[in-house]
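Engineer: Sharing a structure below in structure tokens format, with a few things to ask.
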Amino acid sequence: MSEQSIPDQTAVQQLAAAVEAASVPASGSAHKPKVLMMVGMAGSGKTTLVQRLAAELAAQKKRVYTINLDPAVAQIPYFANIDIRDTITFKDVMTQFKLGPNGAIMTALNLFTTKFDQVMEYLEKSASEIDYIIVDTPGQIEVFTWSASGTIITEFLAHSYPTSLIYTVDLMRCLNATTFMSNMLMSCSILYKTQLPYIIAFNKADITSHEFAIEWMTDPDALSDALERDTTYMASYVRSMALVLEEFYEHLRCVGVSALVGSGMDEFFEALDESLVDYDTKYLPMLEELKAERLRNEEAKRQALLAKYQRDMAAERRKQRQAERNPWDSPHASDDEDEDDGDTFGMDSAIDPFAEHEEDSYDEDDFDIGGQYSDQFESSDEEDGEGGFLPTGATMSGAMGATGTPRRHEDTLAADLARLGLGPLNSSRSPGGDAASTSAYLQVLEGMSRSKVSDE
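The letter at position 300 of the sequence shown is residue 300 when you use the UniProt record's numbering, and the numbering goes up by one with no holes.
So, in structure tokens, the structure goes:
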């Protein structure tokens, strides 16, 4: 990797600043619509409450944008600006994937979530003309609140606009203290999961008063007295659970409303304004801290990666300098570089492994053994002036070698002597060992020498 491809410290800081600037929360804008996420169990009156809230806000000259996320609803009593049923047909999902109602609802939500970025684009384009966004969710509360698609949709909206979660409770199902505690348990689980500003709306206040529910929410002793009148096993279990959950729901905002007749709307909007204040003072700082922590983690990863690149480049430069100082110790050298196409340091002209070598040529004199020995004898005679046939010690040692080993023609001489019927040289370098053999040996040598002279 080249040094130009490694981002320097300044570039990393600029990138981090750009990401941080792009992550400024949406509340910093002058006008942002407020989001109301309607959740609740099936039959609690969520859809009717959406219609009532839209009508009340329209009466207050507020601009409302409604979104329906329930693919199984047959009809809705309000106009939906965005309707999941326009994109996905619930019955087709059941038939094609062979699913039941709950599985088809979850599958439809998952498919719709894959295109929810387009929904956010529509909202962004109309944000300046919208005051409230009301989102109606499926009646199967666990399908939306505990599914990945429901979490993605909720976080999409909560990270972009001030959001409040409205948990709708059917008052008729809270007359029993045990059932009431079941609703509160579900409410606390949703609150813990979303961590959004929260409002509990006790719906159907036109049928029965909601005062008992408010009392049980604010007075743990009253709830304990109501549970004491129930002698079932679940009652004892709920009593112990109520003591644990008391710290959770005693601070929740709860109002009694009637979606049918419109009672309790003033109290509801007061609680809504308070919850949106909590969004700015509690949820938004937490969101900013999460974003800042994510940016710090990403910056730490970039710094660690940059430091690793710098260490690798420094090590590479040290290796290159070492190779330049001593090419034989180069860490990049390998056995493959010893091939013929590598650098031979000028030896390619001296050694050619593919060249055809000429056979050794010999002169005729190289095979004239007797002549060579005769020359040695003659030179010896001239030196000592006696004309003897035997060579001097120096001449014999020169012919036989310093260690007494015959030189070049020892094998040829031995073969000639054998052909003439003479024995091999003994340890004293004389043939045979007797006087007759020695005399015959010298005569043969002298005859060979004379025949060479006459030929020349």
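Virtual Cβ for every residue (Gly too), placed ideally from N, Cα, C.
Go ahead and pull the three-state DSSP assignment for Asp338.
Structural biologist: The residue you call residue 338 lines up with position 338 of the sequence shown. Bear in mind that the predicted position of Asp338 carries a pLDDT of just 49, short of 50, making it unreliable; the figure below should be weighed with that in mind. Correct three-state label for Asp338: helix.
Engineer: Are the beta-carbon atoms of Leu49 and Asn203 separated by less than 8 Å?
Structural biologist: As a working mapping, residue 49 is identified with position 49 in the sequence shown. As a working mapping, residue 203 is identified with position 203 in the sequence shown. Yes, Cβ-Cβ distance for Leu49 and Asn203 is below 8 Å.
Engineer: Whose C-alpha, out of Asn297, Ala259, Leu196, Ala314, is nearest the C-alpha of Leu276?
Structural biologist: Along the sequence shown, one-based indexing puts residue 276 at 276. It is Leu196.
Engineer: Return helix, strand or coil for Phe180, following the three-state DSSP convention.
Structural biologist: Against the sequence shown, residue 180 aligns to sequence position 180. Here Phe180 sits in helix by DSSP.
Engineer: Should the region 114-121 be called in touch with the region 145-162, which here means at least 3 C-beta pairs below 8 Å?
Structural biologist: In short, these stretches touch, since the Cβ pair count reaches three.
Engineer: Can you tell me where the beta strand (DSSP E) with Tyr132 in it begins and where it stops?
Structural biologist: Translated into the one-based positions of the sequence shown, residue 132 becomes position 132. Element bounds for Tyr132: 132-136.
Engineer: Taking just the CA atoms, how far does Glu298 sit from Thr179?
Structural biologist: For the purposes of this step, residue 179 is taken as residue 179 along the sequence shown, with counting starting at 1. For the purposes of this step, residue 298 is taken as residue 298 along the sequence shown, with counting starting at 1. Roughly 47 Å between the two C-alpha positions.
Engineer: So, do the region 210-221 and the region 167-184 have three or more beta carbon pairs nearer to each other than 8 Å?
Structural biologist: Enough Cβ pairs lie closer than 8 Å, so yes.
Engineer: Would you please state the rounded distance, in angstroms, between the beta carbons of Leu36 and Tyr192? I believe it to be under 8 Å.
Structural biologist: Your numbering for residue 36 matches position 36 in the sequence shown. Your numbering for residue 192 matches position 192 in the sequence shown. Not a contact, Cβ separation roughly 20 Å.
Engineer: When burial is assigned at 16 or more other CB atoms within 10 Å of the CB, is Asp273 buried or exposed?
Structural biologist: On the sequence shown, residue 273 is found 273 positions in, with the first residue counted as 1. It counts as exposed.
Engineer: Tell me the rounded alpha-carbon separation between Ala226 and Met234.
Structural biologist: The residue you call residue 226 lines up with position 226 of the sequence shown. The residue you call residue 234 lines up with position 234 of the sequence shown. When rounded, the distance between both Cα atoms is 13 Å.
Engineer: Per DSSP, what are the beta-bridge partners of Asp170 in this structure?
Structural biologist: As a position in the sequence shown, residue 170 is number 170, starting the count at 1. According to DSSP, Asp170 bridges with Asn203.
Engineer: Rounded to the nearest angstrom, what separates Leu109 and Gly139 at their Cα positions?
Structural biologist: As a working note, residue 109 is residue 109 in the sequence shown. As a working note, residue 139 is residue 139 in the sequence shown. In a straight line, the C-alpha of Leu109 is about 13 Å away from that of Gly139.
Engineer: Taking the continuous alpha helix (DSSP H) assigned at Lys319, which residues delimit it?
Structural biologist: Position 319 of the sequence shown, counting from 1, holds the residue named residue 319. 284-325 is the span of the alpha helix (DSSP H), which, as asked, contains Lys319.
Engineer: Check Ser349 in the structure and name its three-state DSSP category.
Structural biologist: Sequence index remark: in the sequence shown, residue 349 carries index 349 (1-based). Bear in mind that the predicted position of Ser349 carries a pLDDT of just 47, short of 50, making it too unreliable to give a figure here.
Engineer: For Ala58, collect the residues of the same chain with a Cβ closer than 8 Å to its Cβ; drop the 5 residues on either side in sequence, then sort them by chain order.
Structural biologist: Indexing the sequence shown from 1 puts residue 58 at position 58. For Ala58, where only same-chain residues beyond five positions count, the Cβ hits under 8 Å are Val64.
Engineer: Over the uninterrupted alpha helix (DSSP H) stretch that includes Arg52, give me the two end residues.
Structural biologist: Here residue 52 refers to the residue found at position 52 when the sequence shown is read from its first residue. Segment 46-59, the alpha helix (DSSP H) holding Arg52.
Engineer: So, at 6 Å on beta carbons, what are the nonlocal neighbours of Glu56 in its own chain, with the 5 sequence-adjacent residues on each side left out?
Structural biologist: The residue labelled residue 56 in the question sits at position 56 within the sequence shown. Closer than 6 Å at the Cβ level, and outside the excluded window around Glu56, lie Met265.
Engineer: Is the distance from the Cβ of Met47 to the Cβ of Val73 below 8 Å?
Structural biologist: Numbered from its first residue, the sequence shown carries residue 47 at position 47. Numbered from its first residue, the sequence shown carries residue 73 at position 73. The residue asked about is misnamed: residue 47 is Thr in this sequence, not Met. Result yes, Cβ atoms of Thr47 and Val73 sit closer than 8 Å.
Engineer: Since Leu157 is in the alpha helix (DSSP H), which residue starts that stretch and which ends it?
Structural biologist: Counting from 1 along the sequence shown, the entry for residue 157 is found at position 157. Here the alpha helix (DSSP H) through Leu157 covers 148-158.
Engineer: Note down, in chain order, each residue of its chain lying with its Cβ closer than 8 Å to the Cβ of Lys62, except the 5 sequence neighbours on either side.
Structural biologist: Taking the first residue of the sequence shown as 1, we reach residue 62 at position 62. Hits under 8 Å: Asp131, Tyr132.
Engineer: What are the boundary residues of the alpha helix (DSSP H) that Val261 is part of?
Structural biologist: Numbered from 1 along the sequence shown, position 261 holds the residue referred to as residue 261. Element bounds for Val261: n/a, residue is neither H nor E.
Engineer: Pull up the DSSP beta-bridge partners for Asp83, would you.
Structural biologist: Stepping through the sequence shown from its first residue, residue 83 is reached at position 83. Its beta-bridge partners are Asn68.
Engineer: Rounded to whole angstroms, what is the Cα-Cα separation between Phe144 and Lys125?
Structural biologist: Within the sequence shown, the letter at position 144 stands for residue 144. Within the sequence shown, the letter at position 125 stands for residue 125. Whole-angstrom Cα-Cα distance: 26 Å.
Engineer: Evaluate Asp219 with the Cβ neighbour count: other Cβ atoms within 10 Å of its Cβ, from every protein chain shown; 16 or more gives buried, anything less gives exposed.
Structural biologist: Position 219 of the sequence shown holds residue 219. When all chains shown are included, Asp219 counts as exposed.
Engineer: Ignore the nearest five residues each way along the sequence and tell me which others in Ile88's own chain have a CB closer than 8 Å to its CB.
Structural biologist: What you label residue 88 is simply residue 88 of the sequence shown in a count that begins at 1. Here the set comprises Pro71, Ala108, Leu111, Phe112.
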